[in-house]
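According to numbering that gives the first Met the number 0, the stretch in the sequence shown is residues 0 to 266, in order.
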Amino acid sequence: MTSSATARRLHPSTELVLLLCGLLLVYGVPSPLVPAVVLLSAAVGAAVTRHLRLKSWALTLLVLAGPMLVMVTIIQGLFYPGEAVHILWSAGPAAITAEGLAVALQLWLRVAAMIGLCALFAFGADAARVFDAMIGLRLPLNVAYVCAAAMNLLPLLRERTARTMAARAARGWDTTSLRVRLRLLPGILSGLLTALLVQLDQRHDALNQRGFGAVPRPAPARFYASGTGQQVLRWSAALGSSALVVLALLDLLPLPTASDVLEVLYG
0 MTSSATARRL HPSTELVLLL CGLLLVYGVP SPLVPAVVLL SAAVGAAVTR
50 HLRLKSWALT LLVLAGPMLV MVTIIQGLFY PGEAVHILWS AGPAAITAEG
100 LAVALQLWLR VAAMIGLCAL FAFGADAARV FDAMIGLRLP LNVAYVCAAA
150 MNLLPLLRER TARTMAARAA RGWDTTSLRV RLRLLPGILS GLLTALLVQL
200 DQRHDALNQR GFGAVPRPAP ARFYASGTGQ QVLRWSAALG SSALVVLALL
250 DLLPLPTASD VLEVLYG
């Protein structure tokens with residue numbers, strides 16, 4: 000990524016704060032409107048940002064949240080326990096109830112919003128941005144290192160798995176067959192995970208030998224555009240989301256519940 004492209008983006012600390020505030024609202028306010036708004040905002044962010052394709056974001060959301068939508072609809076919508084329920088449709092022992100759909104709607108929207116937010120952040124982040132975001136927020140260096148190292152695990156795992164599969168193919172294995180790939184995968188992954196953990200430990204030792212942690216606030220790896228506006232945005236997002244959660248806990252936030260939304264839809 001060029002420096003000009005980096006300058007057009009938010010500071011990584013701002014991105015991380017917005018991510019955490021969004022997750023706080025999703026799970027702290029008991030109304031389906033909040034995760035729906037957060038999910039819509041993540042979709043808009045994926046559409047307008049230049050470092051992420053909307054198609055990749057939507058495909059990730061579909062793959063991770065789609066099966067759960069079907070599962071919670073079947074479990075909660077068709078087999079919701081209780082006697083004092085509003086039955087919308089029934090066939091034998093299965094019945095679609097308003098209460099079950101309300102639970103399914105709330106649960107799925109929260110999970111989908113969480114996945115959408117995390118995908119929006121993860122697709123545009125790398126280990127350096129995560130580390131710089133955390134030291135920018137004055138978090139402990141060890142915590143920043145662990146989170147940044149975790150960002151490196153999946154790309155390394157994917158790259159080394161592809162190389163190992165190519166090596167198996169060169170030795171005569173038919174790696175184009177799904178059955179063969181599933182047979183080889185457990186042994187490959189166990190060895191790769193061990194190698195990755197050893198590599199991370201070696202990197203940590205190397206960093207300690209080079210004085211990692213000697214400076215309370217090391218310089219960021221890259222230059223990021225910031226300023227008073229982004230500081231105000233971070234503080235406003237943190238204080239605003241915390242205030243909304245407190246109001247929701249005190250039952251002072253007049254937002255409809257999932258049951259209220261379904262009553263409006265079904266009359």
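All C-beta atoms in this analysis are idealised placements derived from N, C-alpha and C, irrespective of residue type, glycine included.
- Message: Please identify the residue among W172, W234 and T193 whose C-alpha is closest to the C-alpha of L183.
- Response: As a working note, residue 183 is residue 184 in the sequence shown. It is W172.
- Residue nearest to P217 in terms of C-alpha spacing, selected from A149, L251, L136 and W56: What you label residue 217 is simply residue 218 of the sequence shown in a count that begins at 1. Measuring from the Cα of P217, the nearest candidate turns out to be L136.
- Query: CA-CA distance, A42 and S55?
  - Reply: Counting from one through the sequence shown, the residue named residue 42 turns up at place 43. Counting from one through the sequence shown, the residue named residue 55 turns up at place 56. If I take the Cα positions, the gap works out to 11 Å.
- Could you spell out where the alpha helix (DSSP H) holding W234 opens and where it closes? Translated into the one-based positions of the sequence shown, residue 234 becomes position 235. Run containing W234: T227 to L248, per the alpha helix (DSSP H) assignment.
- Length of the line joining the Cα atoms of L51 and T96: On the sequence shown, position 52 is the one that residue 51 refers to. On the sequence shown, position 97 is the one that residue 96 refers to. Using only the alpha carbons, I get a separation of about 39 Å.
- Task: Go ahead and pull the three-state DSSP assignment for T174.
- Result: Your numbering for residue 174 matches position 175 in the sequence shown. T174 falls in the coil class under three-state DSSP.
- Item | Minimum C-alpha distance to D200 - residue among L60, S12, F130 and A149 | As a working mapping, residue 200 is identified with position 201 in the sequence shown. Taking only the C-alpha atoms, the option nearest D200 is A149.
- Query: Does the pairing of the region 30-37 with the region 156-167 give three or more beta-carbon distances under 8 Å?
  - Reply: no
- Item | Integer Cβ distance of G123 from T48, believed to fall under 8 Å | To locate residue 123, count along the sequence shown from 1; it is residue 124. To locate residue 48, count along the sequence shown from 1; it is residue 49. At roughly 7 Å, the Cβ-Cβ gap stays under 8 Å, so G123 and T48 are in contact.
- Task: Taking 8 Å as the cut-off, decide whether the C-beta atoms of L108 and G21 are in contact.
- Result: Sequence index remark: in the sequence shown, residue 108 carries index 109 (1-based). Sequence index remark: in the sequence shown, residue 21 carries index 22 (1-based). Cβ distance not < 8 Å, so L108 and G21 don't count as in contact.
- Message: Can you list, in chain order, the residues of its chain with a C-beta nearer than 7 Å to that of L269? Leave out the 5 residues immediately preceding and following it.
- Response: Residue 269 lies beyond the range of the chain shown here (0 to 266); nothing can be said about it.
- Item | Helix, strand or coil at G59 [DSSP, three-state] | By one-based count along the sequence shown, residue 59 stands at place 60. This sequence places Thr at residue 59; Gly is not what is there. The answer is helix: DSSP assigns T59 an H, G or I state.
- Item | Rounded C-alpha distance that separates E14 from P185 | As a first step, residue 14 must be located in the sequence shown, where it is residue number 15. As a first step, residue 185 must be located in the sequence shown, where it is residue number 186. So the alpha carbons of these two residues sit roughly 36 Å apart.
- Task: Measure the Cβ-Cβ separation of L119 and G65 and say whether it is below 8 Å.
- Result: As a position in the sequence shown, residue 119 is number 120, starting the count at 1. As a position in the sequence shown, residue 65 is number 66, starting the count at 1. Contact flag unset, no.
- Message: Given a cut-off of 8 Å on the beta-carbon distance, is the pair A132 and S235 in contact?
- Response: As a first step, residue 132 must be located in the sequence shown, where it is residue number 133. As a first step, residue 235 must be located in the sequence shown, where it is residue number 236. Contact: no.
- Between M70 and L100, what straight-line distance do the alpha-carbon atoms span, to the nearest angstrom? In the sequence shown, counting from the first residue as 1, residue 70 sits at position 71. In the sequence shown, counting from the first residue as 1, residue 100 sits at position 101. Going by the C-alpha atoms only, they are around 12 Å apart.
- Please state whether DSSP places T256 in a helix, a strand or coil. Indexing the sequence shown from 1 puts residue 256 at position 257. It is coil, neither helix nor strand.
- Within 10 angstroms of the Cβ of W189, are there 16 or more other Cβ atoms? Answer buried if so, exposed if not. Stepping through the sequence shown from its first residue, residue 189 is reached at position 190. In the sequence as displayed, the identity of residue 189 is Ser instead of Trp. When all chains shown are included, S189 counts as exposed.
- Item | Close Cβ partners of V110 (< 7 Å) along its chain, the five nearest in sequence each way excluded | To locate residue 110, count along the sequence shown from 1; it is residue 111. Hits under 7 Å: A64 and M67.
- Does the distance from the C-beta atom of A126 to that of A147 stay below 8 Å? Position 127 of the sequence shown, counted from the first residue, corresponds to residue 126. Position 148 of the sequence shown, counted from the first residue, corresponds to residue 147. By the CB criterion at 8 Å, A126 and A147 fall inside the cutoff.
- Query: Roughly how many whole angstroms lie between the Cα atoms of L17 and A237?
  - Reply: Taking the first residue of the sequence shown as 1, we reach residue 17 at position 18. Taking the first residue of the sequence shown as 1, we reach residue 237 at position 238. Cα-Cα distance, rounded: 8 Å.
- Going by Cα to Cα distance, which pick from L104, V62 and L61 is closest to I73? Reading the sequence shown from its first residue, position 74 is the one you call residue 73. Per the Cα distances, L104.
- With DSSP run on the structure shown, which of helix, strand or coil describes T163? In the sequence shown, the residue the question calls residue 163 occupies position 164. If DSSP states are grouped into helix, strand and coil, T163 belongs with the helices.
- Item | Cα-Cα separation between A57 and R8, rounded to whole angstroms | Walking along the sequence shown from the start, residue 57 turns up at place 58. Walking along the sequence shown from the start, residue 8 turns up at place 9. Going by the C-alpha atoms only, they are around 21 Å apart.
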